[in-house]
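Enquirer: Structure below; questions to follow.
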Amino acid sequence: MRLYVKYMVSLRCKMMVKEELKKLGLHYVIVDLGVVELLEEITAEQRALLKANLLKSGLELLDDKKSILIERIKNVIIEMIHHSDELPKVNYSDYIAEKLDYDYTYLSNIFSEVKGVTIQQYIIIHKIERVKELLIYDELTLSEIANMLHYSSVGHLSNQFKKITGLTPTFYKQLRDKRKRNLEDI
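Here is the structure:
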């Protein structure tokens, strides 16, 4: 039996979900990307208890099919951008459709209807968040970051970064360096 849990893809969240399943005596095959696959059927009482306990921890057991699909789309995008060493070489639309085994137009329409942004806009927002992380780590040049995230050029990355954050990547990095120096002076 499959359950869908809304949570950030993190080891801490996975551990919390596993712990709640253990408390209820439920055995799982996988707990990954917001999906929990159980070995046995879950009773209505166990489901209600699991839902309540997860909610106390800030996690949500999803019931409606659209919400489940939206979370699956979001998790594929987050995994692709934040947790992969390299982004896929195929179009993101092809990658997402293949991962979820749905027609991309269908996924795109539902996502836009529910979230109020397109999948493409959501991807851009997460790519910029990834750029911020990489700028903070200060291990890669802007050129290397642009290449890693499949931007056509540093200029394209910089334009998207400024559109989303209001800052240039260089200015963002300078702010980070200034904060770092201020903390060292304390």
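So the sequence shown is numbered by the working numbering: it starts at 12 and just counts up by one.
Using N, Cα and C, we set each Cβ at its ideal position, and we do this for glycine too.
#1: Identify which residue in GLU52, LEU70, THR54 and ILE92 has its Cα closest to the Cα of LYS29.
#2: In angstroms, rounded to a whole number, what distance separates the CA positions of VAL101 and LYS174?
#3: So, under 8 Å CB-CB, ILE92 and HIS137 are touching, yes? Tell me the CB distance rounded to an integer number of Å.
#4: Just to check, is the beta-carbon of ILE41 closer than 7 Å to a non-hydrogen atom of the ligand PLP?
#5: Within the continuous beta strand (DSSP E) that includes VAL47, where are the two ends?
#6: Any chance you could list the alpha helix (DSSP H) runs of at least 4 consecutive residues sitting entirely within the stretch 84–160, in chain order?
#7: Within its chain, find whatever has a CB closer than 7 Å to the CB of LYS110; leave out the 5 residues flanking it on each side and keep chain order.
#8: Can we say the stretch 110–129 touches the stretch 144–163, given the rule of at least three CB pairs closer than 8 Å?
#9: Could you check if VAL186 is buried or exposed, using at least 16 other CB atoms within 10 Å of its CB as the buried criterion?
#10: Out of GLY36, VAL42 and ASP105, which has the shortest C-alpha to C-alpha gap to MET8?
#11: Quick check on LEU72: does DSSP put it in helix, strand or coil?
#12: May I ask which residues mark the beginning and end of the beta strand (DSSP E) holding ILE41?
#13: From SER164 to PHE172, what distance separates their C-alpha atoms?
#14: Have a look at GLU140 and TYR39 and give me their C-alpha separation to the nearest angstrom.
Expert: If we stick to the structure as given:
#1: LEU70
#2: 25 Å
#3: 5 Å
#4: This structure lacks the ligand PLP; in fact it carries no ligand of any kind.
#5: 46–49
#6: 103–111, 115–126, 130–148 and 153–159
#7: VAL87
#8: no
#9: Before going on, a small fix: residue 186 reads as Leu here, not Val. Classification for LEU186: exposed.
#10: Since the first residue of the chain shown is 12 and the last is 197, residue 8 is not available in this structure.
#11: strand
#12: 39–43
#13: 12 Å
#14: 32 Å
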